[in-house]
Structures are given as structure tokens and as C-alpha cells.
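S.K.:
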Amino acid sequence: MAKFKGSIVVDKERCKGCGICVSICPNKTLGMSKEVNGKGYNFAVMVAEETCVGCASCGRICPDGVITVYRAKED
Amino acid sequence: MSSNICTPENLVYKKTSLLTDKVMHYCPGCGHGTIHRALMEVVDEMGLQDKTIGIAPVGCSVLAYDYMNIDMQEAAHGRAPAVATAIKRLMPEKFVFTYQGDGDLAAIGTAETIHCCNRGENILMVFVNNAIYGMTGGQMAPTTLEGMKTATSPYGRDVEKVGWPLRITEMVAQLNGVWSASRHTVHTPAAVMKLKKALKKGIEDSMAGKGTCFVEVCSSCNSGWKMSPVEANKWMAEHVLEYFVPGDIKVDGKMVR
């Protein structure tokens with residue numbers, strides 16, 4: 001089990017669906033949504049929420065800065 | 001389960017307030033957004049928001065002043081170093097940087113770039129190299145790789161006719177006025193962290209009056225390269241970084257390569 005539990009919040013309407021966050025996520029937590037946002041892009045979502053450790057790699061690489069990362073220690 | 005950890009005390013990463021809320025016009029996956037954010041994060045961390053003046057170029061990042069929440073000035077094509085020279089000389093206490101692409105800095109603005117570096121103006125130059133003219137539709141740039149297909153080199157760049165890709169960072173590193181020159185990328189989170197460190201050092205050194213600090217950032221242009229954003233980053237790591245090798249070229253006034 002992961003020592004840290006992480007979670008991200010994606011600003012769906014600003015996400016352009018480039019998929020770079022999905023390609024660099026070390027734990028394969030991220031994927032693209034099936035639905036589209038107002039501009040017609042598939043946006044980034046957590047497809048395996050339990051694997052996120054809050055490393056913030058996605059937040060640092062996102063070209064549009066749409067990802068906010070949270071992390072808490074697991075008891 | 002996940003929603004209850006999304007509280008302010010658990011926050012580890014958030015877009016810096018030095019980027020405005022305006023949606024960037026860049027194509028999906030463009031490196032400019034990441035470079036803007038890395039630069040603004042460093043300015044934010046150093047508390048220099050009210051002391052920073054940026055010079056926006058002509059090219060894809062022509063609207064950089066809309067996205068960066070600092071004082072900015074737009075310059076004519078290639079003339080950002082000349083404008084930066086004037087601003088820095090009139091207000092030496094400010095941190096002045098130029099943000100230019102390869103068409104701006106390495107083609108039309110070569111003269112301004114070289115003479116600004118040769119004079120050793122105390123500014124930070126951020127040079128975004130994506131090996132193509134992005135804004136005008138993907139034409140061949142001075143930095144386009146040999147054999148690379150673009151709108152104006154449909155059979156690939158022929159070095160017999162148009163010369164070799166220009167390594168301008170290595171070129172300006174030879175000049176006495178340049179205090180530091182390095183090349184970075186933004187295709188992995190680790191590379192972004194390295195870039196931030198280099199930008200921080202560049203800001204400190206240029207503020208201390210040591211000379212021109214030159215930071216090249218290799219970035220992908222997936223629209224111009226006709227690839228998906230993820231493929232473009234992979235292609236850049238395999239091809240662009242082979243010719244434009246990342247790393248320090250000049251550190252603290254001494255050549256290291």
C-alpha cells in the first residue's frame with residue numbers, strides 16, 4: 001500500500017486533452033475521460049484513484065496548469 | 001474517499017497566481033505553457049513579481065503578456081534584447097528577461113541577440129527552441145533538423161542548400177559578456193525542475209550584474225511536426241535532443257563544454 005494518498009482536481013473546461021499527464025504519470029493513475037468538455041476535448045481524469053500518491057508530476061508538466069494536486073499521509 | 005483529502009492543508013501543487021486565469025491560445029500539449037509556468041513559479045518563489053519586467057517576442061508566444069501577471073513590454077520581431085537593454089539600463093534594480101522563440105531570437109533577431117550578449121547586458125534570455133516556425137504554419141526555421149520535413153522543406157531540410165541547424169546557445173556562450181548558457185527541455189517533470197533551477201540561477205546572476213544569462217529550452221511543436229503531443233515529446237527526446245544536447249554549456253563565466 002502507498003504510504004501517501006493523493007488526489008488531483010482537473011479544471012475540466014481549461015483542459016485541452018493533450019494527454020501528456022497521462023503519459024508521464026508514474027502510477028498510471030490518469031486517463032482521458034469518455035465525455036468531452038465545452039471545447040470538445042476529452043479531459044484528464046483519475047481512472048485508478050487508489051494508486052495516486054500525490055507526486056505532482058502531472059501538475060508540473062501540464063502545459064495549461066489545469067491540475068491541482070493534494071496529498072495526505074495515510075494512517 | 002478521494003474528495004475528503006482535497007483540502008487546503010493537503011495542497012501540494014497549484015498553478016501559481018502569477019499566471020492569469022486567461023486560457024492560453026497555445027495548441028494542446030505545447031511546451032510554451034509549461035515554460036511560462038516554470039518561469040512564473042520561480043519569480044513567485046523569489047518574491048519578484050513587482051520587480052520583474054518581461055519582454056514578449058513575436059511568434060507563438062506573442063501574447064505572453066496576457067498570461068504572465070507581471071509588467072511586460074512587446075517588442076518588434078527579433079528586437080526583444082534591444083528593448084530589454086534599454087529597460088535594464090534605465091531601471092537597473094529591476095529583473096528584466098526576454099522570452100523568445102527560435103524564429104525570433106535565432107533568425108530575424110540574430111544581430112540583436114549577439115550584440116546584446118556581447119555587451120553583457122544584465123538580463124535573462126529565455127530561448128524556446130521548437131525547431132520550426134509555429135505561428136505562421138510550420139515553416140523551416142534556422143534550428144530545423146537535417147532532413148526534417150516542414151511546410152517549406154517538404155523533402156526534408158537539405159543542408160547543402162540551406163545550411164546546418166543553428167546551435168545559437170553554443171555560439172553566444174563563446175562571447176565574454178555571457179555569464180551562463182545552458183540548454184534544457186520540458187518533456188518530463190524532472191526536466192521542468194532542472195529548468196526551474198537554471199532559471200532561478202539566471203535571475204540571481206543577472207540581478208547581481210554578472211552578465212547575460214542565456215537559457216535555451218527545447219520544446220515540442222506537435223502541430224508543426226504533425227504528431228500527437230505525446231509522440232512529439234518522444235520524437236523530441238529521440239531526435240532533437242541528439243543534436244541540441246541538453247546541459248550546461250557555460251557556468252559562471254567558464255565554458256564547460
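The listed protein sequences correspond, in order, to chains A and B. Residues 1 to 75 (our numbering) are what the first sequence spells out, left to right. Residues 1 to 257 (our numbering) are what the second sequence spells out, left to right. By construction, the Cβ of each residue, glycine as well, lies at the ideal position given by its N, Cα and C atoms.
Return the first residue and the last residue of the beta strand (DSSP E) that residue 250/B is part of.
M.R.: 247-251
S.K.: Go to residue 183/B, then tell me how far its alpha helix (DSSP H) extends in each direction, as first and last residue.
M.R.: Looking at the DSSP string, residue 183/B is not in any alpha helix (DSSP H); the run it does join, the beta strand (DSSP E), is 178-185.
S.K.: From residue 21/A to residue 44/A, what distance separates their C-alpha atoms?
M.R.: 8 Å
S.K.: Count the other CB atoms within 10 Å of the CB of residue 164/B; is the residue buried (16 or more) or exposed (fewer)?
M.R.: Exposed, since its Cβ has fewer than 16 Cβ neighbours within 10 Å.
S.K.: In or out: residue 100/B buried (at least 16 other Cβ within 10 Å) or exposed?
M.R.: buried
S.K.: Is DSSP giving residue 305/B helix, strand or coil here?
M.R.: What the structure shows of chain B is the stretch from 1 to 257, and residue 305/B is not part of that stretch, so it cannot be assessed.
S.K.: Once DSSP output is grouped into helix, strand and coil, what is the label at residue 228/B?
M.R.: Coil.
S.K.: Restricting to Cα atoms, I'd like to know which of 74/A, 25/A and 30/A is closest to residue 42/A.
M.R.: 30/A
S.K.: Let me know if residue 250/B comes out buried or exposed under the rule of 16 or more other beta-carbons within 10 Å of its beta-carbon.
M.R.: buried
S.K.: With 8 Å as the threshold, decide whether the Cβ of residue 113/B is near any Cβ in chain A.
M.R.: no
S.K.: Can you check DSSP and say which residues form a bridge with residue 153/B?
M.R.: 150/B
S.K.: Using only the alpha-carbon positions, how far apart do residue 50/B and residue 72/B sit?
M.R.: 11 Å
S.K.: With 16 as the cutoff for other CB atoms within 10 Å, does residue 185/B come out buried or exposed?
M.R.: buried
S.K.: Quick one, which of 217/B, 153/B, 87/B and 59/B has its alpha-carbon nearest residue 107/B's?
M.R.: For the residues 217/B, 153/B, 87/B and 59/B, the minimum Cα distance to residue 107/B belongs to 59/B.
S.K.: Along chain A, which residues have their Cβ under 7 Å away from the Cβ of residue 65/B?
M.R.: The premise fails here: residue 65/B is roughly 17 Å from chain A at the closest Cβ pair, so nothing lies under 7 Å.
S.K.: Going by C-alpha to C-alpha distance, which of 119/B, 148/B, 132/B and 216/B sits closest to residue 177/B?
M.R.: 119/B
S.K.: Any contact of the region 149-162 of chain B with the region 125-139 of chain B, i.e. 3+ C-beta pairs under 8 Å?
M.R.: yes
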